[in-house]
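With our numbering, the residue at position 114 of the sequence shown is 1146, and numbering never jumps.
Glycine included, C-beta positions come from ideal geometry on N, C-alpha and C.
Values in this document were obtained by computation on a predicted structure and should not be read as measured data.
Here the structure comes first, spelled out in structure tokens, and everything after it is commentary.
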Amino acid sequence: MKSAMPKYLSYGLYYDKTRRQFNILRMRKILVLTIFLVVTFSCSTTRKTSPFLEYHSEKLCLGIRNMTEYIKNSEELKTYFRKILTDSINLKYEIDTVVTEGVPFPFFVKEISEIIAQNEKISIEQAYLRLFRRFQVIEPLRLTTGCIRSTKIPIPDVKVAFWFYPEYGLLISEITELKYEQKYGRGILFLAQIGNEGEMKIIKKSDWIE
């Protein structure tokens, strides 16, 4: 005759079974919540319009013109790219005709956060968070300004691209070495503030090497 299972064993088995079921339900809830948050976040941060926007600003055009002149005549840039110059006198460049709204993370994030904090009377941390949400969480706009002419140069030495932060008149230019063979790349960036009349003040520069 089979002996009955002790009560404490049956209670233990029941407790283990119940706990496993509870853990499974909890994991399912966490999974569903995670999927919901991901879908909600994706929907909320996806632009409903084209990432390209026609943007007309005399201030921006004057700033780009002044920055382009600076790049064209800069002895610093000729020295920086001296090993790749095909012309010993002139720096041959092509320009991206579309301007990106925002900041080329991680460059100049500290300096721009300080400018935002000073203007908006908020902390550096709040300014950085605002900057991150504005230009990293959501795909930045590409601005067609009509003030950059396409350059037709057979073998340019470098490519110039611009970023613009309209609220604070910040113009960033990146000058990147164009590679015609397999090698490490390099580039230099300038952060400038553009005045209402298009006057330009360079605040900071930075460079990178692959």
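- request: Taking only the alpha-carbon atoms, compute the straight-line gap between Q1225 and G1201 and give it to the nearest angstrom.
  value: Across the structure, Q1225 and G1201 are spaced so that their CA atoms are roughly 6 Å apart.
query: What residue does the alpha helix (DSSP H) around T1100 start on, and which one ends it?
result: Note, T1100: alpha helix (DSSP H), E1090 to N1105.
Anticipated Cβ contact below 8 Å, D1239 with I1220, distance rounded: With 8 Å as the limit, D1239 and I1220 qualify as a contact, their Cβ atoms being about 4 Å apart.
- prompt: What three-state label does DSSP hand E1111 in the structure shown?
  reply: Residue identity differs from the one stated: residue 1111 is Thr in this sequence, not Glu. The answer is helix: DSSP assigns T1111 an H, G or I state.
task: Rounded to whole angstroms, what's the CA-CA distance from E1146 to F1137? Just pull it up for me.
output: Distance between the alpha carbons of E1146 and F1137: 15 Å.
message: So, for I1127: in the same chain, excluding its five sequence neighbours on each side, which residues have a beta-carbon less than 6 Å away from its beta-carbon?
response: Closer than 6 Å at the Cβ level, and outside the excluded window around I1127, lie I1180, T1183 and V1192.
query: Does DSSP classify S1145 as helix, strand or coil?
result: The answer is helix: DSSP assigns S1145 an H, G or I state.
query: Under the DSSP definition of a beta bridge, which residues are partnered with L1175?
result: Per DSSP, L1085 and V1131.
- request: Would you tell me roughly how many angstroms separate the C-alpha atoms of K1124 and G1217, rounded to the nearest one?
  value: Cα-Cα distance, rounded: 17 Å.
Exposure of S1155, with buried meaning 16 or more beta-carbon neighbours within 10 Å: So S1155 counts as exposed.
- prompt: According to the Cβ coordinates, are E1090 and T1176 closer than 7 Å?
  reply: Note that the C-beta distance between E1090 and T1176 is not below 7 Å.
task: Along the beta strand (DSSP E) that carries R1218, what are the first and last residues, could you check?
output: Counting along the chain, the beta strand (DSSP E) containing R1218 begins and ends at R1218 to I1226.
Cβ neighbour criterion (16 or more within 10 Å) applied to Y1212: With fewer than 16 Cβ atoms within 10 Å of its Cβ, Y1212 is classed as exposed.
message: Quick check on the burial criterion: 16 or more other C-beta atoms within 10 angstroms. Buried or exposed for I1103?
response: By the neighbour-count criterion, in which a residue is buried when 16 or more other Cβ atoms sit within 10 angstroms of its Cβ, I1103 is buried.
message: Pop quiz: E1143 and I1204 are said to be a contact at Cβ under 8 Å. What is the actual Cβ separation, rounded to whole angstroms?
response: Actually they do not touch by this definition, with Cβ atoms about 10 Å apart.
message: On the DSSP letters alone, give me the boundaries of the alpha helix (DSSP H) that F1137 sits inside.
response: First-last for F1137: undefined, no H or E at that position.
query: Distance, Cα to Cα, R1114 vs Y1160?
result: Taking the Cα positions, R1114 is about 36 Å away from Y1160.
- request: Could you work out which residue in T1208, F1140, V1135 and A1149 is closest to V1169 when comparing CA atoms only?
  value: Ranking the options by Cα distance to V1169, first place goes to V1135.
query: Who are the near neighbours of K1110 in its chain, counting only those whose CB is closer than 8 Å to its CB and skipping five residues on each side?
result: Taken in chain order, the residues that qualify are L1117 and L1123.
task: Please list, in chain order, all residues of the same chain as L1163 whose beta carbon is under 7 Å from its beta carbon, the five residues on each side excluded.
output: Closer than 7 Å at Cβ, skipping near neighbours: V1135, V1141, I1144, S1145 and I1148.
query: Among G1227, L1223, K1215 and T1129, which one has its Cα closest to the Cα of L1094?
result: Considering only G1227, L1223, K1215 and T1129, the residue with the shortest C-alpha distance to L1094 is G1227.
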